[in-house]
Amino acid sequence: MTTATFDELLKVGGSADVTGWDFSWLDGRATEERPPWGYARLLGGRLARLAAVPGTASLDIQTGGGEVLAEAPAFPAAAVATESWPPNVAAATGRLHPRGVVVVADPDEPPLPFADGAFDLVTSRHPATIHWTEIARVLRPGGSYFAQHVGPASAFELIEFFLGPKPVERRGRHHDDEADAARAAGLDVVDLRTARTRIEIHDVAAVVYLLRKVIWWVPDFTVERYRDRLRELHDLIHRDGPFVTYSARHLIEARKPD
10 MTTATFDELL KVGGSADVTG WDFSWLDGRA TEERPPWGYA RLLGGRLARL
60 AAVPGTASLD IQTGGGEVLA EAPAFPAAAV ATESWPPNVA AATGRLHPRG
110 VVVVADPDEP PLPFADGAFD LVTSRHPATI HWTEIARVLR PGGSYFAQHV
160 GPASAFELIE FFLGPKPVER RGRHHDDEAD AARAAGLDVV DLRTARTRIE
210 IHDVAAVVYL LRKVIWWVPD FTVERYRDRL RELHDLIHRD GPFVTYSARH
260 LIEARKPD
């Protein structure tokens, strides 16, 4: 357990760089189980197979800082990624341009800035929003959307600690609802897997970092506004050990009919 004081931990979490979608800053402060399927490995295999086919194209939506996409061993000749947050656009550009991936600044609102049927493969890891009609539009016939999404009630033990009970919101992003939306957009859901993973948070600096980075968890979060609740959480961790919450993930593949 850390010997840092409450105020020191607030300062550490409040000054950490939250650019990109790399959570390695949390090493030693929080842990999260990974889903069993290994999304980055599966994604890399699909992109490598596509790279072996001339004239193919891929699109990664909401790529963050490009951390996961950059793990792929190879890319098709036309590989594109989109991102909306300017610091992430810069990070992704630096990481992906040397690999031949074009990064496009996009507001994550319809329409996607691409022609109909432009891509053989559309991917995303943990998109904040999923515009199924646009995904279906930019896929070529026979193309696939392959993604790992955040599922329902993810980190809600932490979210509700700050905001109180959210029974309606707990249903949001349910895998069955998303599969239905994909079908409504004209896609065939060919794979859907789910997992519930354990998260342990070891100090309040990690909480501050997470709520600054994953801004939709507690949308009005500032250290000053929630100082009293942060203090309660600090005391709880000090007394009982790590704060435990759970995250849902689902792997989904949806194919556009030929």
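For the sequence shown, the numbering used here assigns the number 10 to the initial residue and increments by one for each residue that follows. The C-beta atom is built at its ideal place from N, Cα and C for all residues, glycine as well. Please read all numbers here as calculations on a predicted model, not as lab measurements.
#### Entry: Opening and closing residue of the beta strand (DSSP E) in which Ala90 lies
Annotation: the continuous beta strand (DSSP E) that includes Ala90 extends over 87-92.
### Task
Return the residue from the list Leu245, Trp46, Arg149, Pro44 that minimises the CA-CA distance to Val213.
Selected option, being the one with the closest Cα: Leu245.
### Query
CA-CA distance, Thr203 and Ala61?
Thr203 and Ala61: Cα-Cα distance of roughly 30 Å.
### Message
For Trp225, count the other beta carbons within 10 Å of its own beta carbon; 16 or more makes it buried, fewer makes it exposed. Which is it?
### Response
Around the beta carbon of Trp225, fewer than 16 other beta carbons lie within 10 angstroms, which makes this residue exposed.
### Message
Could you check whether the region 187-195 touches the region 256-266, counting it as contact only if at least three pairs of C-beta atoms, one from each stretch, sit closer than 8 Å?
### Response
Yes, the region 187-195 touches the region 256-266.
### Under 9 Å between C-beta atoms of Gly64 and Ala86
Yes; because the gap between Cβ atoms is below 9 Å, this pair is in contact.
### Option nearest Val89 by Cα separation, candidates Ser133, Pro161, Pro95
Taking each of Ser133, Pro161, Pro95 in turn and checking the Cα distance to Val89, the smallest one comes out for Ser133.
### Task
Give the secondary structure of Asp229 by DSSP, where H, G and I count as helix, E and B as strand, and everything else as coil.
The three-state reading of DSSP puts Asp229 in coil, since its state is none of H, G, I, E or B.
### Message
If you follow the beta strand (DSSP E) that Thr40 is in, where does it begin and where does it stop?
### Response
First-last of the beta strand (DSSP E) with Thr40: 39-41.
### Query
Relative to the alpha-carbon of Glu76, which residue among Leu105, Trp94, Pro96 has its alpha-carbon at the smallest distance?
The residue with the shortest Cα to Cα distance from Glu76 is Leu105.
### Message
For Leu19, tell me which candidate among Leu242, Gly173, Asp69 has the shortest Cα-Cα distance.
### Response
Selected option, being the one with the closest Cα: Leu242.
### Query
Counting pairs of beta carbons, one from the region 115-127 and one from the region 34-53, are three or more of them closer than 8 Å?
No: the two stretches stay apart, fewer than three of their Cβ pairs being nearer than 8 Å.
### Unbroken stretches of the alpha helix (DSSP H), 4 residues or longer, contained in the region 84-138
Taken in chain order, the unbroken stretches of alpha helix (DSSP H) that lie wholly in the region 84-138 and span 4 residues or more are 95-105.
### Message
Counting C-beta neighbours from all protein chains within 10 Å, is the total for His184 16 or more, i.e. buried, or is it exposed?
### Response
The residue in question, His184, is buried, as its Cβ has 16 or more Cβ neighbours within 10 Å.
### Query
For the candidate residues Pro122, Glu42, Phe171, Ala257, whose alpha-carbon lies nearest to that of Ile70?
Considering only alpha carbons, the answer is Pro122.
### Query
Pick from Pro116, Lys222, Ala81, Ala99: whose alpha carbon is nearest that of Arg108?
Nearest C-alpha to Arg108: Ala81.
#### Entry: Between the CA atoms of Ile144 and Val223 - distance to the nearest angstrom
Whole-angstrom Cα-Cα distance: 24 Å.
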